[in-house]
Amino acid sequence: MDRKEVVHQLVQLYALQPERLSKQVRIEQALRQAITQQWPSGLRLPSHRQLADALSVARQTLALAVHKLLEEGLLKTAHGQGTWSCKPVTPSPAARGNAQLSSRAQRVLGGPGASMIQSGAFVPGIPDIAQFPMRKWRQLYASVTVPQNALLLSYSTGGYGPLKRAIRDFLARWRNIDCDTEQIIITDGTHNGIELCAMALADVGDTVAMESPCYWGARNVFTATGLEIQMLAWQPGQGHSLPVDPGPVKMAYLTGSHHYPLSVPTSAADKQRLCNTLAPTYIVEDDYEFNRDDHPNLLFDPNSERHLLVGSFSKMMFPGLRLGYLVVPRHLAGPMNRLRSELFREGRMLDQAVLAQFIFDGDLDAWCRRIQRDYLGRQQVLHDQLRSLPKVRSVSPPSSAISLCVEFEPHINDVQIAQTLLKEHLIVRPLSPVCSIGDSRSGLVMGVGMLSGETLVREAQRLRRCLETLLR
120 MDRKEVVHQL VQLYALQPER LSKQVRIEQA LRQAITQQWP SGLRLPSHRQ
170 LADALSVARQ TLALAVHKLL EEGLLKTAHG QGTWSCKPVT PSPAARGNAQ
220 LSSRAQRVLG GPGASMIQSG AFVPGIPDIA QFPMRKWRQL YASVTVPQNA
270 LLLSYSTGGY GPLKRAIRDF LARWRNIDCD TEQIIITDGT HNGIELCAMA
320 LADVGDTVAM ESPCYWGARN VFTATGLEIQ MLAWQPGQGH SLPVDPGPVK
370 MAYLTGSHHY PLSVPTSAAD KQRLCNTLAP TYIVEDDYEF NRDDHPNLLF
420 DPNSERHLLV GSFSKMMFPG LRLGYLVVPR HLAGPMNRLR SELFREGRML
470 DQAVLAQFIF DGDLDAWCRR IQRDYLGRQQ VLHDQLRSLP KVRSVSPPSS
520 AISLCVEFEP HINDVQIAQT LLKEHLIVRP LSPVCSIGDS RSGLVMGVGM
570 LSGETLVREA QRLRRCLETL LR
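For the sequence shown, counting from 1, position 467 maps to 586 in our numbering; every step adds exactly one.
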């Protein structure tokens with residue numbers, strides 16, 4: 120690979136980074152992606168001066184970014200001899216085979232899971248972290264970390280009380296849910312909440328019913344906890360494909376008010392028909408994405424003895440927060456809280472205190488209103504670019520969610536298309552791997568959290584051009 124090609128690829132990757140990030144961070148991310156995804160190990164980089172000129176940045180800015188990757192081991196240098204790429208070492212297949220993982224772990228790793236690439240154009244499931252009010256967040260940390268708050272460094276048995284009250288009031292405002300604080304369990308994100316439900320409410324070999332297409336993260340959690348998964352296709356406007364003679368179902372896992380990954384409103388009536396047919400012991404709804412007006416799509420009833428609601432702040436705010444909540448029936452609140460403490464040990468009291476104050480001050484409400492309006496506009500841009508593509512059956516309507524789904528005509532190889540787009544630094548997920556056998560839908564799931572403004576328009580046009588070629 121000649122130096123011109125190296126510079127060209129780095130400039131392309133740099134242009135894909137969110138413009139609100141500092142130049143140094145954009146260079147770091149561009150270099151990291153180039154080294155891990157494109158460049159061979161041992162590739163000698165052009166001089167700092169050449170790279171700085173090509174990127175239109177100061178040499179000091181480039182030097183700081185390079186120093187960061189030297190610390191990470193992705194670059195190596197020798198005085199007076201230049202700088203080389205150093206691709207991370209991947210264990211050989213034989214070495215991986217000797218790990219002797221459990222059969223459950225092998226099933227999880229053999230299916231679709233979280234991508235190792237968590238940034239880039241159209242990566243799904245990532246909110247806009249560049250616009251989040253980080254200054255206010257840091258100020259709140261400073262306000263709670265005072266000497267008299269030393270108890271915040273301890274375990275948080277049952278969760279931080281003020282945060283539970285803040286979540287109770289937030290659910291009343293946004294989801295029209297009237298529950299007691301005792302019903303709220305603080306979790307380390309959605310997956311932790313789903314795992315707690317599986318551990319508390321089902322035994323190994325019990326059946327959990329899921330919709331097709333499904334959220335792959337939940338399916339992986341249920342697989343890891345030893346549950347048998349029954350997937351039932353759901354078509355918007357048509358309902359679920361219901362079994363004629365259903366067997367015993369311990370738990371039904373359903374999307375909340377906005378379906379993921381189809382990115383369309385759900386139907387409480389469809390969910391009720393499904394539950395009437397399957398008669399599950401417990402019904403778990405995952406309120407993955409929502410807005411203020413779609414709560415009628417929820418089946419959840421806080422006064423029921425079998426309904427549970429899973430929620431997370433990671434998609435509202437930023438993924439690294441890893442805080443969420445479970446709303447459980449009153450008779451399960453005590454036992455499930457104790458089980459969580461025994462299995463996972465509760466902590467994160469500082470994070471919980473900051474989040475509680477963030478909600479009490481009205482900052483979370485203001486942030487949700489602002490960013491959801493922004494997401495709606497971004498989805499409209501992407502929708503307009505993709506809706507008239509050849510062999511596209513449908514594009515999910517613009518909404519305030521961070522995800523959008525393009526459904527293709529039958530027999531389109533969406534996995535191959537997603538892999539080809541990855542080579543163009545367009546990060547999407549194929550739909551077919553999260554559909555059940557017999558559900559032949561194919562398409563692409565993408566996000567709008569990482570792009571905005573002129574960058575979004577430019578990348579949406581580039582995505583359209585690539586798909587026109589691939590679908591032809």
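Quick reminder that beta carbons are idealized off the backbone N, C-alpha and C, glycines included. In this text the structure is predicted, and so the values were computed from the model without any measurement.
Buried versus exposed call for residue i [16 or more other C-beta atoms within 10 Å across all chains shown]
i, result
"residue 193", "buried"
"residue 145", "buried"
"residue 542", "exposed"
"residue 490", "buried"
"residue 287", "buried"
"residue 556", "exposed"
"residue 253", "exposed"
"residue 124", "exposed"
"residue 336", "buried"
"residue 208", "exposed"
"residue 588", "exposed"
"residue 323", "exposed"
"residue 363", "exposed"
"residue 129", "buried"
Local conformation of residue i per DSSP, three classes
i, result
"residue 369", "coil"
"residue 178", "helix"
"residue 245", "coil"
"residue 429", "strand"
"residue 384", "strand"
"residue 434", "coil"
"residue 374", "strand"
"residue 527", "strand"
"residue 201", "strand"
"residue 285", "helix"
"residue 442", "coil"
"residue 405", "strand"
"residue 344", "coil"
"residue 256", "helix"
"residue 466", "coil"
"residue 486", "helix"
"residue 353", "strand"
"residue 622", "This structure cannot speak to residue 622, because the chain is shown only from 120 to 591."
"residue 579", "helix"
"residue 534", "helix"
"residue 163", "strand"
"residue 424", "coil"
Residues near residue i by beta carbon distance below 6 Å, same chain, minus five either side
i, result
"residue 549", "533, 534, 537"
"residue 177", "none"
"residue 582", "545"
"residue 440", "432, 433"
Residues of its chain near residue i, where Cβ-Cβ distance is below 7 Å and the 5 sequence neighbours each way are ignored
i, result
"residue 242", "236, 546, 566, 569"
"residue 396", "361, 365"
"residue 140", "249"
"residue 517", "495, 498, 499, 502"
"residue 478", "285, 289"
"residue 394", "371, 402"
"residue 259", "473, 476, 477"
"residue 367", "326"
"residue 136", "145, 148, 149"
Of the listed residues the options, nearest to residue i (C-alpha basis)
i, options, result
"residue 196", "162, 564, 477, 288", "162"
"residue 586", "553, 540, 555", "540"
"residue 203", "240, 165, 521", "165"
"residue 386", "183, 357, 239, 576", "357"
"residue 432", "388, 305, 526", "305"
"residue 474", "138, 281, 167", "281"
"residue 297", "428, 154, 136, 317", "428"
"residue 410", "148, 384, 156", "384"
"residue 461", "152, 367, 319, 403", "319"
"residue 328", "126, 291, 350, 589", "350"
"residue 264", "135, 471, 484, 584", "471"
"residue 445", "190, 333, 314", "314"
"residue 448", "441, 456, 442", "456"
"residue 183", "155, 148, 205", "148"
"residue 191", "261, 155, 128, 482", "155"
"residue 122", "169, 138, 131", "169"
"residue 326", "128, 347, 553", "347"
"residue 406", "392, 382, 367, 509", "382"
Sequence-distant residues of the same chain with beta carbon closer than 8 Å to residue i, five excluded per side
i, result
"residue 172", "none"
"residue 180", "142, 143, 146, 171"
"residue 493", "247, 250, 571"
Evaluate the contact criterion for the region 222-229 versus the region 523-538: three or more CB pairs, one atom per stretch, below 8 Å.
no
Flag this pair as touching only if the region 409-418 and the region 364-375 have three or more C-beta atom pairs under 8 Å; answer yes or no.
yes
Would you call the region 337-355 and the region 464-472 touching, i.e. three or more CB-CB distances under 8 Å?
no
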